[in-house]
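*Asks:*
Protein chains: 2
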Amino acid sequence: MTKKLINSRPKVVNVGVDTFGDSVKAAGSDSVQVDWRPPAQGDAELINILLALEEYHDEIGKANEKAVEKVLAAQPVWIDVGPALDVIPGFTPDTVLHAGPPVTWEDMCGPMKGAVIGALIFEGRAKDKDEAVALAASGTLKFSPCHHFNAVGPMSGVITASMPVIVVENKTDGNLAYSNFNSEKNRKALSFGAFDQDVQDILIWQRDVMGPMLGKAVREMGGIDLKAITARALQMGDECHNRHVASTSLLLREMMPTLARLDLPREQLAELADYMLHNDWFFLNFSMAACKATMDSGHGVPMSTMVTAMARNGVKVGIRVSGLGEKWFTAPAPPIRGLMFPPFTEKDANPDMGDSTITETCGIGAFAMAAAPAMVKLVGGTVAEAIGFTKTMADITIAENKAYTIPTLDFLGTPTGIDIRKVVDTGILPKINTGIAHRQPGYGIVGAGITEIPMECFVAALKAMYQSI
Amino acid sequence: MTKKLINSRPKVVNVGVDTFGDSVKAAGSDSVQVDWRPPAQGDAELINILLALEEYHDEIGKANEKAVEKVLAAQPVWIDVGPALDVIPGFTPDTVLHAGPPVTWEDMCGPMKGAVIGALIFEGRAKDKDEAVALAASGTLKFSPCHHFNAVGPMSGVITASMPVIVVENKTDGNLAYSNFNSEKNRKALSFGAFDQDVQDILIWQRDVMGPMLGKAVREMGGIDLKAITARALQMGDECHNRHVASTSLLLREMMPTLARLDLPREQLAELADYMLHNDWFFLNFSMAACKATMDSGHGVPMSTMVTAMARNGVKVGIRVSGLGEKWFTAPAPPIRGLMFPPFTEKDANPDMGDSTITETCGIGAFAMAAAPAMVKLVGGTVAEAIGFTKTMADITIAENKAYTIPTLDFLGTPTGIDIRKVVDTGILPKINTGIAHRQPGYGIVGAGITEIPMECFVAALKAMYQSI
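The listed protein sequences correspond, in order, to chains A and B.
Residue numbers for the first sequence follow my numbering, so the first one is 1 and each next one is one higher.
Residue numbers for the second sequence follow my numbering, so the first one is 470 and each next one is one higher.
(1) Measuring CA to CA, which of A/P83, A/A67, A/D58, A/S156 is closest to A/R439?
(2) Which value, in whole angstroms, describes the spacing of the CA atoms of A/N401 and A/G413?
(3) Could you check whether B/M764 and B/C709 sit closer than 8 angstroms to each other, using their CB atoms as the reference points?
(4) Just verifying my parser: in three-state terms, what is the DSSP assignment at B/P558?
(5) Is the beta carbon of B/L847 closer than 8 angstroms to that of B/F755?
(6) From A/V133 to A/L203, what distance separates their C-alpha atoms?
(7) Could you check what DSSP says for A/A26 in three-state terms: helix, strand or coil?
(8) Under 8 angstroms Cβ to Cβ from A/E452, same chain only, skipping five residues before and after it: list those, please.
(9) Give the range of the alpha helix (DSSP H) segment to which A/A270 is assigned.
(10) Looking at B/F560: is its Cβ nearer than 8 angstroms to the Cβ of B/A646?
(11) Out of curiosity, what's the CA-to-CA distance linking A/R232 and A/E131?
(12) Check each candidate in B/W797, B/S791, B/A758, B/F752 and name the one with the smallest Cα separation from B/N533.
(13) Counting only beta-carbon separations shorter than 8 angstroms, does A/K11 have a partner in chain B?
(14) Which chain B residues sit within Cβ distance under 7 angstroms of A/A260?
(15) In the stretch 916–936 of chain B, which residues sit with their C-beta less than 9 angstroms from some C-beta in chain A, listed in chain order?
(16) Would you call B/P811 buried or exposed, if buried means 16 or more other Cβ atoms sit within 10 Å of its Cβ?
(17) Quick check on A/A384: buried or exposed, where buried means 16 or more other Cβ atoms within 10 Å of its Cβ?
(18) Quick one: complete beta strand (DSSP E) runs, 3+ long, within the stretch 776–856 of chain B?
(19) In terms of residues, what are the limits of the alpha helix (DSSP H) holding B/F927?
(20) Starting from A/E254, find everything on chain B with Cβ-Cβ shorter than 7 angstroms and list it in chain order.
(21) Is A/V383 close to chain B? Criterion is C-beta to C-beta, closer than 8 angstroms.
(22) Tell me the rounded alpha-carbon separation between A/A126 and A/L135.
(23) What are the complete beta strand (DSSP E) segments, minimum 3 residues, inside the stretch 80–162 of chain A?
(24) Leaving out five residues on either side along the sequence, give the residues of the same chain with a beta carbon under 7 angstroms from the beta carbon of B/V770.
(25) Hey, is B/M705's beta-carbon within less than 8 angstroms of any beta-carbon in chain A?
(26) Can you pull the DSSP bridge partners for B/N639?
(27) Given this structure, state the Cα-to-Cα distance separating A/V317 from A/A311, to the nearest angstrom.
(28) Which class does A/T416 belong to by DSSP, given the choice of helix, strand or coil?
(29) Consult DSSP for B/I897 and reduce its assignment to one of helix, strand or coil.
(30) If I'm right that A/I88 touches A/F181 with Cβ under 8 angstroms, what's the distance once you round it to whole angstroms?
(31) Quick one: list the residues of chain B neighbouring A/L412, beta-carbon separation under 9 angstroms, in chain order.
(32) Look at the Cβ atom of B/T573, then the Cβ atom of B/S613, and state whether they are nearer than 8 angstroms.
(33) Between B/V892 and the rest of its own chain, which residues show a CB-CB distance below 6 angstroms, the 5 nearest in sequence each way excluded?
(34) With a cut-off of 8 angstroms on the beta carbons, I'd call A/E184 and A/W281 a contact; round off their distance for me.
(35) When you compare the CB of B/V714 with every CB in chain A, is at least one pair closer than 8 angstroms?
(36) So with Cβ pairs under 8 angstroms, would you call A/A374 a contact of chain B?
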């Protein structure tokens, strides 16, 4: 019954108790009982909204078809590297991007504040934590979600003016997306809220050495096809959100001939190779920028109920929907079930944070967990559960991405394009896998695990869609 | 019943018809019907040998335990590179190693002859094909299986004096093993019997540039742990016989910092990076040398029925058994079921060839196909069959290798150490996956597929074991 509600105009809505359905069926009417779940968890208001939207079944269906076709047709290619100030339109020296929906300095969680402190010290705007806190609270800075600048950043997502950023072009539509470079070589990483000298050294090296070197190489190569790397990595045990061993290795292997031929000091090349050897998350930010360029191309289709962004700032989770403009539909950020790195425990854990859920929005990450069963060693759970995630997510998505296939599931394509109607109807929440930041500034990563985007976001979006029609 | 025959002294041997077993069981006796297969395919002589060997059940069991423990404890580390003449003990300028059991020049198959021709031209011993053929037929050269020199080579397995070879040490026991470098960047590869100028160029570059460069790097690094790379690659979609995308990428990534710091011309490093980028089989020869070092350590245990080598020369297949010394037990090389590369068809295909089955002997390759379901695109068959191979091979092996686990099968260890008794008893033949060479010299690879090591080898070995006791 749950599926029928969205896929066609139902004859009888049977909520929960299947004996009623049986009696309808026995009488020769049209009733199918799929599972025990009542539509919209039995919420009468939501059932009425879902039924009302059924009046626009064909229009919404066509809009979603158009939106998801854009997503499937996208061809994200990494084309350039440059300082955020130079390459991201609208960026100013005072701009401070952060992950998730909008949040003020005062309301930011600990690790996001830690990352802002680290970034301000790196930018030379503050000489220590106290100066950075004072500047952040002064009203001088322009805080903004990364998403408002076509950008994405993992965890805190903090991007400031002189950080080098990855520039990705969706060659199909020409739209651009951006991400910073991964700072997660050590557990005390800027993205997770650490800001000590080791973090500063990585930021300085990324700005002065790695960024210019990779920019030179990628321009020399005429771009690198991130969709091709992602497709291969999904056949090599990566799910491209929290496992990037294959993609990072493939990226290095692809760039190495060009890097070796550049007129670079030997030691700088060795430093880059070292950094990529010891950071298995290196490709994460490329994956995210590729997914952002992809999902942006499916955004803005009137009547479409497809989710085009899911992001968390450590306090709130927000989603955006293709047919609902720039509005965020938010809920409190949930805790994460997972494995903590000793000596840390769950009481140290910040709630869910980061733009990296753009990967799940795009049908990979936890949606492709069946491709990466070894991940259960990082995030907990069983192999059967990991494989189950991919199958379950098919119930709330619009299409199967035939470019991203999972060999173990007989080359099933990844479930792509979350439909807010299906989430509300089935009660199945989008799964995400994620790192866990310490709730205080200065610590870094303390674990990894699994969580879900809260129902509240989808309910709010569904109501907005109903009101907009 | 089949398992019982080997694992304990059976009370009643029930061949085939289970109603007889039922009646025994109903009478309160000890009888178990596992499946329909009659032991040893119902061959009375073999059943008698199996039963006779049961008298030595404990001794053989202990010997196999000891042999497989050596295999599981082995730590193959790549330690050096040097010309075959310098690093392989007993090698002379006239030595020509080849794959599989012994074979004379006259009896060699087309692609093996092609590789010998190519090697003699490369060595400067012949200026063209005719001179090479004359030299090969003259009796001057010393042809020998690679295995007789603790070496292994894929397909033709031809190794001559000035070819650089990979030196692997099993750090647990100190024994060494060798392989040449992979020549399979192009379909027309020496190992598959091609010998034209492109092949010569690769051999010259490997001797003059790649070999010395990699030797310098690996010595500088103090060795590279091939067991660790194999273990990671098995979690990344490789089965480490015919899929090496992950292992090749991991190897390059691990060596790159050291390679970048060596005092080498920029262009040479770029050439190496290019070669490793465009040859997804690069790690094959490392995998083989690692497996050879591993299996040699389990060889020579008196009474052990564990297979320590399986190898094919394109005419015959041979196996060696731990407790049966240096003797080869042979059978005609079988054809291969698989996918041919157009325009080639099955009539172009040479029978099974190469030492690369040392990987299956060691429990990876087709034995680990569940780790590499994407391989069905290369070798044919279904994902379910690929996963089934790993499960079935557990029925003819002694141990589970907990260092080599398969995430999709809930981290099951690879099935390791083939027991000739189990093969004969169950009728289950060891699966292998392999490339297919053109049957004429000069062509190269024309397909890839699946085959099995023939029963005849195991029957001959079992009879020899029986006679030796």
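For each residue, glycine too, the CB sits at the ideal point set by N, CA and C.
As the structure is a computational prediction, the values presented were derived from the model and not from experiment.
*Replies:* Put simply:
(1) A/S156
(2) 5 angstroms
(3) Contact: no.
(4) coil
(5) no
(6) Each residue's alpha carbon lies about 19 angstroms from the other.
(7) Only weak support exists for where A/A26 lies, its pLDDT of 45 falling under 50; the value from the coordinates is given anyway. The answer is helix: DSSP assigns A/A26 an H, G or I state.
(8) P334, L429, P430, K431, I432
(9) 266–277
(10) No. Outside cutoff.
(11) 46 angstroms
(12) B/S791
(13) Summary for A/K11: the model assigns pLDDT 43, below 50, so the residue's position carries little reliability; its value from the coordinates is reported in the next sentence. So no, A/K11 is outside the interface.
(14) R735, L738, A739, A742
(15) none
(16) exposed
(17) exposed
(18) For the stretch 776–856 of chain B, whole beta strand (DSSP E) runs of length 3 or above, ordered along the chain, are 776–782, 785–790, 798–801, 806–809.
(19) 924–937
(20) Neighbours of A/E254 on chain B, chain order: L746.
(21) Yes, A/V383 lies at the interface with chain B (some Cβ there is under 8 angstroms from its Cβ).
(22) Approximately 8 angstroms, taken between the alpha carbons.
(23) List check, beta strand (DSSP E) in window: 95–98, 142–145.
(24) A532, K535, A536, S791, G792
(25) yes
(26) Per DSSP, the beta-bridge partners of B/N639 are B/P545.
(27) When rounded, the distance between both Cα atoms is 6 angstroms.
(28) strand
(29) coil
(30) No, A/I88 and A/F181 are not in contact; Cβ-Cβ is about 14 angstroms, not under 8 angstroms.
(31) By Cβ distance, chain B contributes nothing, its closest Cβ being about 10 angstroms from A/L412, past 9 angstroms.
(32) no
(33) I865, F927
(34) Beta-carbon to beta-carbon, A/E184 and A/W281 are separated by about 5 angstroms, close enough to satisfy the 8 angstroms threshold.
(35) Yes - at least one Cβ of chain A is within 8 angstroms of the one on B/V714.
(36) yes
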